[in-house]
Each structure stands twice: as structure tokens, then as C-alpha cells.
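Quick note: the sequence shown, position 335, residue 335 per the UniProt record's numbering, numbers continuous.
Even for Gly, the Cβ is constructed at its ideal location relative to N, Cα and C.
In this text, all values refer to a predicted model and were calculated from it rather than measured experimentally.
Working notes, structure below.
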Amino acid sequence: MIYAKMEHHEELVCATDFKRGYNYFCPGCKERVTFKNGPHKQAHFAHYKKTCHYFSEGETDAHVIGKKLIKLWAEKRHKQAKIEEYLPEIKQRPDVLINLRNSQLVVEYQCSPLSLDSFCKRTKGYKEHGYRIFWIIGKRHMLGQRLTQQQAMFINFHKNIGYFLVYLDAETQCLILKYEICFENLYGLRYRTRIFADATAVMLFVKMNSRNEVLALTRVELAGQLTKLEKNCHYFNRYLKNQIDYCYERRQLFMGFPLCCLSEVRLPPIYQHEDIFWRIRVILELQKMTANSITRSEIEVMFMKHQKITKNFFELPFVNRLGRKQVNDACIKSLIKYRVLIPIDTTENYQICHKIEWANDAALKKEKLR
Ligand SMILES: [Zn+2]
1 MIYAKMEHHE ELVCATDFKR GYNYFCPGCK ERVTFKNGPH KQAHFAHYKK TCHYFSEGET
61 DAHVIGKKLI KLWAEKRHKQ AKIEEYLPEI KQRPDVLINL RNSQLVVEYQ CSPLSLDSFC
121 KRTKGYKEHG YRIFWIIGKR HMLGQRLTQQ QAMFINFHKN IGYFLVYLDA ETQCLILKYE
181 ICFENLYGLR YRTRIFADAT AVMLFVKMNS RNEVLALTRV ELAGQLTKLE KNCHYFNRYL
241 KNQIDYCYER RQLFMGFPLC CLSEVRLPPI YQHEDIFWRI RVILELQKMT ANSITRSEIE
301 VMFMKHQKIT KNFFELPFVN RLGRKQVNDA CIKSLIKYRV LIPIDTTENY QICHKIEWAN
361 DAALKKEKLR
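Rendered as C-alpha cells:
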């Protein structure tokens, strides 16, 4: 470990600031640790006995240590930082409050579960009073292949690293960055992972990185999505059944949906249900419309209506607007590509093509993938 506690001190000390003649202790199990340093190894502390079971037991301890680490990392950057400072105007105690040159930054280290409602209230409270807020989350919220609302609400965006989440692992005293997070229909999440020793290392990485996630899907990948969706239709799942019934009531075979319902790019990580479902409903509505043209804003209202009904998205308070704009843009692009919408001049008006082809089976559709 890089950080340990000195005797009679509450704060953590970095191994690079080790002083001879003092005793050091593991912040987790409180056992004495020894200082190690060599020509080929970074200075660090180690347990005398190999095991430290402390962290498996509770989150509260991880939370306490995490806050101290955040404070220490801020101080290493010559910023003043306070743990649980009471802010009377909002009646809240942020985990760590850091004084920046022109503003104050609240860092919340969330280890335990948190409701979306409390998340929004807390975030809003800080923002309204001029504080900047940054959420770091504990390992319990670790990203897997599927997103949950619990994880989704913490997602933020940076132009150099795309959609991201920052974790603090109090046990290894490291920051874990999940970045370039995107969503692919039926396959779930894709992202990169990187581990950092402290906040400075993360900030440097973010500054230097340039995004290179592969967003475009290949023909083979799209065909794979269709195959997987077909398989899913054989299992009972009420959500999917509702979608199948919805098409059936409108005299269409669900699996025969037009190819323009299939996104050809990976999408922002905001999905609870596949992109296909709301797009199918949009197509069905466009088909029965009597008007011959539609404006961009009318299309967006239609999109929003169906996205709401199909509960397609999670709430991502930081990036809702950005994510949904990217989703809508991707759909309009597909509709234009498959000539369901034809742009009129350079204005944001489109001509509607009412004859949209539905396939009789998925195999035929796979052949048509361009
Ligand atoms: Zn220990």
C-alpha cells in the first residue's frame, strides 16, 4: 500500500513522505506495517503478516479511508481540503470540500447505495449554491456488461475520454477509471479500464488522452444483433412480449422490422432497453401519418413520446441532454440512409416515405444489410 497511518495521527501519509523513527499502521486493519523502498520498487508500506481481511467487512471503513485519500490527493496538488465540513446554507456535509482557485469543489465518495432522488437533490443543492460537484464511487457500483440505474446516474462526459465513471478502491488505494463507455444493442456495454495511483495521474491522463472508441458497427456485428434478438424472442420476457404484441396489433411481424430500426453505431450508455424498440414504434407511426412532410422538431417530439412509453432510457442527470441528442441524431441518420425521410433542401424539413418495407423473416433481412 502507498498510504498508511502514523501513530497518534488520523491522517494518511504517503510512502514517499516516510520518516524514520515513527510507527506506521494499515488504515484498514490497524496492524503495524513496514516501510519498503528499493532501487527497482516504488516506496510502499507492507503488512508483516501477508493478510489483511479488514476491507471485506464493511463499507463504512472504506468510506472513511477513501475520504482521507481524496483529501491527501488534493493537498498534494496544493489545494486546501476539508472532510465533512458543514455547509449551513445547504445543510449538508460534503465528503471532501476542496478550495480551487476560483471555485469550491465538492467531492462525494459514494460507497453505499443511493436513490436517484437523493442523488439529484444533493447534486442540485450544491450546484444551486455555486459549488462544483464530482462523484467518485465505491466498488459496489462496479460496471459489468449491463448498466443499472444506480451506476448510470453517476456517468459523466469529457470530450477526451467520452462517457466515464471514476471509482476509488480503498483497499488498493487506487482510482479506477472506466471510460469511453458506450452501448451496443443486445450486447450491452463496452468500455476501457485504467488504474491510477492518485488524482493527479487521472487528471494528466484525461488531459492527454484522445478518444478512439470504435463506434461504427460492421455488417457481421449487425447480423449478430439480429440473431441474438431472434433467440431472445423464444424466451418469455414481458417487456419483449409487449413489443411483439404492439407490432402484431398493427399487423406487422416484430422480427420483420425495417433495417432502419437497427442502429449502425454504438450508442451513448443511457439504455435500459434496446434502441430497436422505440424506433419500431416511430416507424409504425410514420407509416400511418397522412402528412407528407415533417419538421425536425416534430420528429423529436415523436421520438420523445415513444422513448417515454418504452422506458428506453435511464436517468443520467449529468448527461441526459447530450446522450439523448446523440441517440436522436443516430436515428435520423438511419432514417435518411434508408430513405424513410428525405431531406428537403438544406432546411430541417423532411419528406416522409410512407412505403416502408418490412421483411417476412430475419434471414432475408440479414442478406440486405448494407
Ligand atoms: Zn491491513
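* To do: Go ahead and pull the three-state DSSP assignment for Leu189.
  => strand
With a Cβ-Cβ cutoff of 8 Å, do Val265 and Leu217 count as a contact? yes
Legend entry - ligand 1 heavy atom lying under 7 Å from the CB of Glu31: Yes, since a heavy atom of ligand 1 falls inside the 7 Å radius drawn around the Cβ of Glu31.
Measure the C-alpha to C-alpha separation of Arg140 and Leu335 and round it to an integer number of angstroms.
C-alpha separation (whole angstroms): 40 Å.
**Item:** CB-CB length for Cys111 against Gly66, believed under 8 Å
**Value:** 7 Å
Exercise. Quick one: grab the DSSP three-state call for Arg132.
Key: The answer is strand: DSSP assigns Arg132 an E or B state.
query: How would you write the range of the alpha helix (DSSP H) that Ala330 sits in, first residue to last?
result: Asn320 to Lys337
Roughly how many angstroms lie between the CA atoms of Thr51 and Met1, to the nearest whole one? 12 Å
If we ignore side chains and look at the alpha-carbon of each, how far apart do Cys353 and Lys311 end up? Straight-line Cα distance between these residues: approximately 27 Å.
Heavy atom of ligand 1 within 7 Å of Gly138 beta-carbon
Not one heavy atom of ligand 1 falls within 7 Å of the beta-carbon of Gly138.
Checklist entry - Under a Cβ-count criterion, where at least 16 other Cβ atoms within 10 Å of its own Cβ denotes burial, should His44 be classed as buried or exposed? => result buried
| If we ignore side chains and look at the alpha-carbon of each, how far apart do Asn232 and Val107 end up? | When only Cα atoms are considered, Asn232 and Val107 end up about 42 Å apart.
**Asked** Are Val206 and Ile161 closer than 8 Å when you measure CB to CB?
**Response** For Val206 and Ile161, yes; Cβs fall inside 8 Å.
**Message:** Measuring straight from C-alpha to C-alpha, what distance separates Val64 and Leu12?
**Reply:** 11 Å
* Going straight from the alpha carbon of Glu116 to that of Arg122, what length do you get? -> Note that residue 116 corresponds to Leu in the displayed sequence, not to Glu. Computed Cα separation, rounded: 10 Å.
If you measure from the CB of His47, is any heavy atom of ligand 1 nearer than 7 Å? yes
>> According to DSSP, is Gly28 part of a helix, a strand, or is it coil?
In response: coil
*For residue 371, which option in Asp198, Glu367, Arg251 and Thr290 has the closest C-alpha, if you only look at C-alpha atoms?*
Here the chain has residues from 1 to 370 only, and residue 371 is not among them.
Inter-residue spacing [alpha-carbon to alpha-carbon] between Pro258 and Ala359: 7 Å
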